[in-house]
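One structure is given here, and the rest of the page talks about it.
Protein chains: 2
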Amino acid sequence: MTSTNLVCVFCASHDSPDATYNEAANNLGELLAKASYGLVYGGGGRGLMGRVARSVADNKGDVLGIIPRALTRLEGCSEVGRTITVDSMHERKSLMNEHAMAFISLPGGFGTMEELLEITTWSQLSIHSKPVIVLNTNGFYNALREFIDKAVEAGFVQKENRDIIMFVDTPEEAVRAIKEYKAPNSRYGLNWNKEEV
Amino acid sequence: MTSTNLVCVFCASHDSPDATYNEAANNLGELLAKASYGLVYGGGGRGLMGRVARSVADNKGDVLGIIPRALTRLEGCSEVGRTITVDSMHERKSLMNEHAMAFISLPGGFGTMEELLEITTWSQLSIHSKPVIVLNTNGFYNALREFIDKAVEAGFVQKENRDIIMFVDTPEEAVRAIKEYKAPNSRYGLNWNKEEV
Ligand SMILES: [Mg+2]
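Here it is in structure tokens:
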């Protein structure tokens, strides 16, 4: 295994009828590889997930897919890069976090949004201090921005945590955000073992 | 242990400056207990979490809190009902799912939204077929409805999964939604062991 810097990408396991989403996934993969980043992801071969993976691999980037056994039928196994089959959904998330030096969320459904918010919560709890980036293609995640504003106003998200998620509009900006990222000071300063997550 | 039907409630571990949120939490606890439901929840004594728990207990309902060791300092241990201290965030979610016959999400921050979406994803994947209810106090979760619409339109959430989350406006409607719930047919028909989640 090469010691590539792996970026974890969350996104839909379906393609969209709107080609803008599909192209953003292709472009992100290409730009990540050209900037010498590899990919760690959920391991599926379908939809935006498959696009990002093939695009990274086509541009000679390292690809590591991590897929739970029970999902291989549903999401399809990727034919590019290395795949690790794990026993549980939780093991997938935990391993993706271990391998990643940054997270980018492309548009997706409930599962994508959940992965994005879990990794955001882990940042809030000082389980990690890596960049969490949302690629807001077509304003897909504007509703998430509204949710955050509402939650800050209601007192449920603290002001210092408002900006854990960085919103960008293009794959170029996403890659730049990783390069320029500086980790914040620890938020709650809890000490976590990997077994506690 | 009594064989109470336990409802899992996700919500903020902070109170709000807007009393409407705090009162909704108090009311929900009372109505659950009066309808003979108990509570399973994250085990914190603070904010809306603490309110729901105290209100269920004050009305003679069963309360079961499940809290990860590392979080006891941050969220505060509840002084009502039984508390199980677990070793990890994941064990908490898994145990809450095992004990619950329904899920209600009140307003909250990143962690609350993540719990709601994880349980929604688990329904989508046929890991459970229990009701998932959002108490949309003050229209707090309107942004989530917008996200779902956008995700369906973009092809990332399938139409048959649009209504996994049931939105209600009052605690009364939330309790009624549990009583009247009929489980849908299995969506993907995957077979899951609890170890695979
Ligand atoms: Mg989760």
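From first to last, the protein sequence lines are chains A and B.
By the working numbering, the letter at position 57 of the first sequence is numbered 61, and the numbering carries on one by one without gaps.
By the working numbering, the letter at position 141 of the second sequence is numbered 145, and the numbering carries on one by one without gaps.
Don't be surprised by glycine CBs; every beta carbon is placed ideally from N, CA and C.
From a predicted model like this one, the values you see are computed outputs, not experimental measurements.
query = Going along chain A in order, which residues have a C-beta closer than 9 Å to the C-beta of V138 of chain B?
reply = Around V138 of chain B, no beta-carbon contact reaches into chain A at under 9 Å, the shortest distance being about 12 Å.
inquiry  = Does the contact criterion of 3 or more C-beta pairs under 8 Å hold for the stretch 26-46 of chain B versus the stretch 169-186 of chain A?
reply    = Verdict: no, contact absent.
query = So, is D167 of chain A buried or exposed, given that buried needs 16 or more other C-beta atoms within 10 angstroms?
reply = In summary, D167 of chain A is exposed, with fewer than 16 beta-carbon neighbours lying within 10 Å of its beta-carbon over all protein chains present.
key: Contact list for H94 of chain B against chain A, beta-carbon separation under 7 Å   = Within chain A, the residues near H94 of chain B are H94 and V201.
ask   = Does the beta carbon of L10 of chain A come closer than 8 Å to any beta carbon on chain B?
value = Not closer than 8 Å to any Cβ of chain B, the Cβ of L10 of chain A fails to qualify, so no.
message = So, under 8 Å CB-CB, P72 of chain B and S92 of chain B are touching, yes? Tell me the CB distance rounded to an integer number of Å.
response = Going by Cβ atoms, the distance from P72 of chain B to S92 of chain B rounds to 6 Å, so yes, they are a contact pair.
ask   = What distance in whole Å lies between the Cβ atoms of L52 of chain A and A29 of chain A, which are believed to be in contact at a cut-off of 8 Å?
value = Between L52 of chain A and A29 of chain A the Cβ distance is about 4 Å, and since that is below 8 Å, they are a contact.
query = If you pair each beta-carbon of the stretch 142-153 of chain A with each one of the stretch 146-158 of chain B, do three or more pairs fall below 8 Å?
reply = A contact is defined here as three or more CB-CB pairs under 8 Å, and the stretch 142-153 of chain A meets this definition with respect to the stretch 146-158 of chain B.
task = Select from B:D22, B:G49 and B:G65 the residue whose C-alpha is nearest the C-alpha of L36 of chain B.
result = Here the closest residue by C-alpha is B:G65.
task = For the stretch 119-189 of chain B, list the beta strand (DSSP E) runs that are entirely contained and at least 3 residues long, ordered along the chain.
result = As far as the stretch 119-189 of chain B is concerned, its whole beta strand (DSSP E) runs of at least 3 residues are 136-139 and 169-172.
task = Just the chain A side, please: which residues come within less than 9 Å of Y25 of chain B by C-beta, in chain order?
result = Correct list: A158, G159 and F160.
key: Identity of the residue in B:R55, B:K134, B:H103 and B:A106 nearest E83 of chain B by Cα   = Just measuring C-alpha positions, the residue of B:R55, B:K134, B:H103 and B:A106 sitting nearest E83 of chain B is B:R55.
inquiry  = Would V172 of chain B and I137 of chain B qualify as a contact pair, given that the criterion is a beta-carbon distance under 8 Å?
reply    = Their beta carbons are under 8 Å apart, which means V172 of chain B touches I137 of chain B by this criterion.
key: Neighbourhood of E200 of chain A by C-beta, 6 Å cutoff - its chain only, sequence neighbours within 5 removed   = Non-local C-beta neighbours of E200 of chain A in its own chain, meaning closer than 6 Å and more than five positions away in sequence, are absent.
ask   = Any C-beta of chain A sitting closer than 8 Å to the C-beta of A29 of chain B?
value = No, A29 of chain B does not count as interfacial toward chain A.
key: Proximal chain B residues relative to S20 of chain A, where beta-carbon distance stays under 8 Å   = Within chain B, the residues near S20 of chain A are A158, G159 and F160.
query = Roughly how many angstroms separate the alpha carbons of R149 of chain A and A16 of chain A, rounded to a whole number?
reply = Within the model, the alpha-carbon separation for R149 of chain A versus A16 of chain A is close to 19 Å.
inquiry  = Between the alpha carbons of A106 of chain B and V60 of chain A, how many angstroms are there, rounded?
reply    = Cα-Cα distance, rounded: 41 Å.
ask   = In terms of alpha-carbon separation, which member of A:D22, A:Q162 and A:I70 lies closest to F14 of chain A?
value = Of the listed residues, the one whose Cα sits closest to F14 of chain A is A:I70.
query = Excluding the five sequence neighbours on either side, which residues of its own chain have a C-beta within less than 6 Å of the C-beta of C12 of chain B, listed in chain order?
reply = V44, M100, A104 and F107, listed in sequence order.
query = What does a CB cutoff of less than 6 Å around E34 of chain B pick up in its chain, not counting 5 residues either side in sequence?
reply = Its chain contains S59 and N63 as the residues whose beta carbon lies nearer than 6 Å to that of E34 of chain B, once the 5 sequence neighbours on both sides are disregarded; these appear in chain order.
Rounded separation between A147 of chain A and S109 of chain B - CA only = One C-alpha to the other measures close to 18 Å.
query = Do H18 of chain A and H94 of chain B come within 8 Å of each other at the CB atom, strictly closer than that value?
reply = No.
key: Listed by chain order, chain B residues near D167 of chain A by CB distance under 8 Å   = Think of a sphere of 8 Å around the beta carbon of D167 of chain A: no beta carbon from chain B falls inside it, the nearest being about 12 Å out.
request  = Give the secondary structure of N197 of chain B by DSSP, where H, G and I count as helix, E and B as strand, and everything else as coil.
outcome  = Under the three-state reduction of DSSP, N197 of chain B is assigned to coil, being neither helix nor strand.
ask   = For R58 of chain B, does the three-state DSSP call read helix, strand or coil?
value = In this structure, R58 of chain B counts as helix in the three-state DSSP scheme.
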